[in-house]
Amino acid sequence: MAQELRVLLAAGGTGGHLFPAYALAQELGRRNIVVDLVTDMRGDRYGTDFPARSIHQISSATLVSKAPTEIARTGWMLSKGIGSALKLLGEISPDVVVGFGGYPAFPPLVAAKLRGVRTMVHEQNAVLGRANRLLARRVDIVATSFERVKYIDERNADKVRLTGNPVRDQVLQAAERPYWAPMAGDVIQVLIFGGSQGARYFSDVLPSALALLPQELRARLSVVQQAREEDVDRVRAAYQESGIAAEVASFFGALPDLMARSHLVIARAGASTVAEVTVIGRPSILVPLPHAVDNDQLYNATRLVEAGASWCFEQDKLTPEIWAREIGTLIASPTHLVQAANAAKELGRPDAVARLADVVEELAAHRENLAHGA
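The sequence shown: position 4 = 4 (the UniProt record's numbering), numbered continuously.
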């Protein structure tokens with residue numbers, strides 16, 4: 001009887017790293033592979049319903065400055081995390097360790113290499129993150145979400161596997177809904193969300209921008225917008241004053257379904273957003289987070305623009321008047337919306353999680369062959 005496979009997923013810090021890990025855990029579970037998760041204090045907030053046998057927390061740190069004291073603190077925390085990870089690997093004996101970027105994934109992957117365990121990192125963005133850059137030459141496989149990823153060294157090209165960015169089951173279900181553009185007189189569904197760092201900007205600008213649209217367009221709009229808790233009332237009041245039907249809340253549990261019901265999505269360009277909007281196949285206006293490390297969101301958005309799936313605008317160059325002009329032009333052109341929706345669907349990789357799980361099994365099989373001298 002074959003021994004069961006065991007996989008340790010290393011993810012933490014933000015939902016952007018944990019969402020693909022969650023999707024992979026679901027798929028590995030369907031394949032009867034035992035999954036454990038190792039995360040940090042921030043990631044542990046998301047872990048209560050994570051589909052894993054067990055969830056472990058280890059110390060980690062992100063280097064936020066080049067000050068000697070900060071470098072020393074980060075080095076100490078990472079060293080401490082590597083020690084904890086070595087102990088954890090001895091306890092659970094995984095066949096493969098998969099990291100999803102961010103410094104919380106660093107200690108488990110270094111520990112795995114020290115113990116001779118097969119390793120892989122997954123990069124969600126069109127730019128290789130700093131932690132993944134450090135790990136790329138050490139791990140066995142670098143899985144990517146885009147065909148072109150900045151900062152991948154040519155020396156590591158033979159390690160690269162294009163898998164796409166895994167999305168949750170809810171996204172795959174929402175992707176079954178076909179896109180139809182609004183015709184004359186139809187209600188126009190617009191979804192606006194920005195995560196913790198984007199919601200404030202959209203709350204400040206978009207209600208006043210949409211108020212500048214002609215009355216006949218405003219009367220057809222149905223807006224669903226995520227806003228920070230403290231902004232919900234003022235955003236709701238602004239839409240009411242301009243005669244625009246709007247549902248405003250700080251959290252929407254069924255975001256993939258809302259995306260599938262939308263004619264146009266306005267959002268940041270984080271990795272999870274880009275993956276979901278392409279798998280579901282919806283036209284989008286993307287506003288990359290300004291001043292982000294490595295400009296990862298700008299590169300993500302650029303890949304969609306190049307494919308004809310999206311329109312990208314830099315936040316610093318936008319005014320309510322420009323917003324009104326661009327949105328008005330798009331929603332008045334069903335043909336452009338349909339073309340962008342089709343391009344997004346073509347770019348999406350609904351099989352990303354299956355591809356990634358296949359690579360995991362490939363790594364595990366290679367380790368088993370080595371163990372048996374094959």
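C-beta atoms are modelled at their ideal positions from N, C-alpha and C, and glycine is treated no differently.
Report yes if the C-beta distance between Pro20 and Pro166 is below 8 Å; otherwise report no.
Position 20 of the sequence shown, counting from 1, holds the residue named residue 20. Position 166 of the sequence shown, counting from 1, holds the residue named residue 166. Cβ distance < 8 Å, so Pro20 and Pro166 count as in contact.
If you check the beta carbons only, do Val360 and Val160 fall under 8 Å apart?
Residue mapping note: residue 360 aligns to position 360 of the sequence shown, counting from 1. Residue mapping note: residue 160 aligns to position 160 of the sequence shown, counting from 1. For Val360 and Val160, no; Cβs fall outside 8 Å.
Would you say the region 142-150 touches the region 253-268, given that touching needs at least three Cβ pairs under 8 Å?
No: fewer than three Cβ pairs fall under 8 Å.
Here's the rule I'm using: 16 or more other beta-carbon atoms within 10 Å means buried, otherwise exposed. How should Ala246 be labelled?
Taking the first residue of the sequence shown as position 1, residue 246 is located at position 246. So Ala246 counts as buried.
If you draw a straight line from the alpha carbon of Lys80 to that of Pro108, how long is it in whole angstroms?
Counting from 1 along the sequence shown, the entry for residue 80 is found at position 80. Counting from 1 along the sequence shown, the entry for residue 108 is found at position 108. Taking the straight line joining both Cα atoms gives about 11 Å.
Rounded to a whole number of angstroms, what is the C-alpha to C-alpha distance between Leu304 and Glu91?
What you label residue 304 is simply residue 304 of the sequence shown in a count that begins at 1. What you label residue 91 is simply residue 91 of the sequence shown in a count that begins at 1. C-alpha separation (whole angstroms): 43 Å.
How close, in whole Å, do the beta carbons of Val142 and Ala136 come, if the pair is a contact with beta carbons under 8 Å?
On the sequence shown, residue 142 is found 142 positions in, with the first residue counted as 1. On the sequence shown, residue 136 is found 136 positions in, with the first residue counted as 1. Going by Cβ atoms, the distance from Val142 to Ala136 rounds to 5 Å, so yes, they are a contact pair.
Using 8 Å as the threshold, is the C-beta distance between Phe202 and Ile192 below it?
If you number the sequence shown from 1, residue 202 lands on position 202. If you number the sequence shown from 1, residue 192 lands on position 192. Cβ distance < 8 Å, so Phe202 and Ile192 count as in contact.
Assuming Val248 contacts Val232 (C-beta within less than 8 Å), just tell me the rounded distance between them.
Within the sequence shown, numbered from 1, the residue matching residue 248 stands at position 248. Within the sequence shown, numbered from 1, the residue matching residue 232 stands at position 232. That belief holds up - the Cβ atoms of Val248 and Val232 are roughly 5 Å apart, short of 8 Å.
Which same chain residues end up closer than 6 Å to Ala209 when comparing Cβ atoms and leaving out the 5 residues on each side of it in sequence?
For the purposes of this step, residue 209 is taken as residue 209 along the sequence shown, with counting starting at 1. Pro320, Trp323 and Ala324.
List the residues that DSSP assigns as beta-bridge partners of Leu114.
Residue 114 sits at position 114 when you count from the first residue of the sequence shown. DSSP lists no partner for Leu114.
Does Gln57 come out as helix, strand or coil in the three-state DSSP assignment?
Taking the sequence shown and counting its residues from 1, the one referred to as residue 57 is at position 57. Residue state, collapsed to three classes: strand.
Are Ile331 and Leu217 close, meaning C-beta to C-beta below 8 Å?
Working through the sequence shown from its first residue, we reach residue 331 at position 331. Working through the sequence shown from its first residue, we reach residue 217 at position 217. In contact: Ile331 and Leu217 (Cβ atoms closer than 8 Å).
So, for Ala365: in the same chain, excluding its five sequence neighbours on each side, which residues have a beta-carbon less than 6 Å away from its beta-carbon?
Position 365 of the sequence shown holds residue 365. Hits under 6 Å: none found.
Excluding the 5 residues preceding and the 5 following Gln225 in the sequence, name in chain order all residues of the same chain whose CB lies nearer than 6 Å to its CB.
To locate residue 225, count along the sequence shown from 1; it is residue 225. For Gln225, where only same-chain residues beyond five positions count, the Cβ hits under 6 Å are Ile192 and Val248.
Which runs of the alpha helix (DSSP H) spanning at least 4 residues fall entirely within the region 6-34, listed in chain order?
Listed in chain order, the complete alpha helix (DSSP H) runs (minimum 4 residues) inside the region 6-34 are 15-30.
Which residue from Lys345, Thr335 and His56 puts its Cα closest to that of Ala275?
Within the sequence shown, residue 275 is the residue found at index 275, counting from 1. Answer by Cα proximity: Lys345.
Which residues does DSSP list as the beta-bridge partners of Lys150?
In the sequence shown, the residue the question calls residue 150 occupies position 150. Lys150 is bridged to Val127.
Among Leu286, Glu306, Gln26 and Arg115, which residue has its Cα nearest to the Cα of residue 375?
As displayed, the chain neither begins before 1 nor continues past 374, which places residue 375 out of reach and without an answer.
Under the rule that 16 or more other beta-carbon atoms within 10 Å means buried, what is Glu230, buried or exposed?
Indexing the sequence shown from 1 puts residue 230 at position 230. Glu230 is exposed by the Cβ-count criterion.
Quick one: residues in its chain with C-beta nearer than 8 Å to the C-beta of Ala25, no 5 flanking neighbours on either side, listed in chain order?
Your numbering for residue 25 matches position 25 in the sequence shown. Result list for Ala25: Leu9, Val35, Leu37, Phe50, Pro51 and Ala52, in chain order.
Could you name the residues that DSSP lists as bridge partners for Ser242?
Position 242 of the sequence shown, counting from 1, holds the residue named residue 242. Ser242 is not bridged to any residue.
Specify, as a first and last residue, the run of the beta strand (DSSP E) that Val279 falls within.
In the sequence shown, residue 279 corresponds to position 279, counting from 1. Unbroken run through Val279 is the alpha helix (DSSP H), Ala271 to Ile280; no beta strand (DSSP E).
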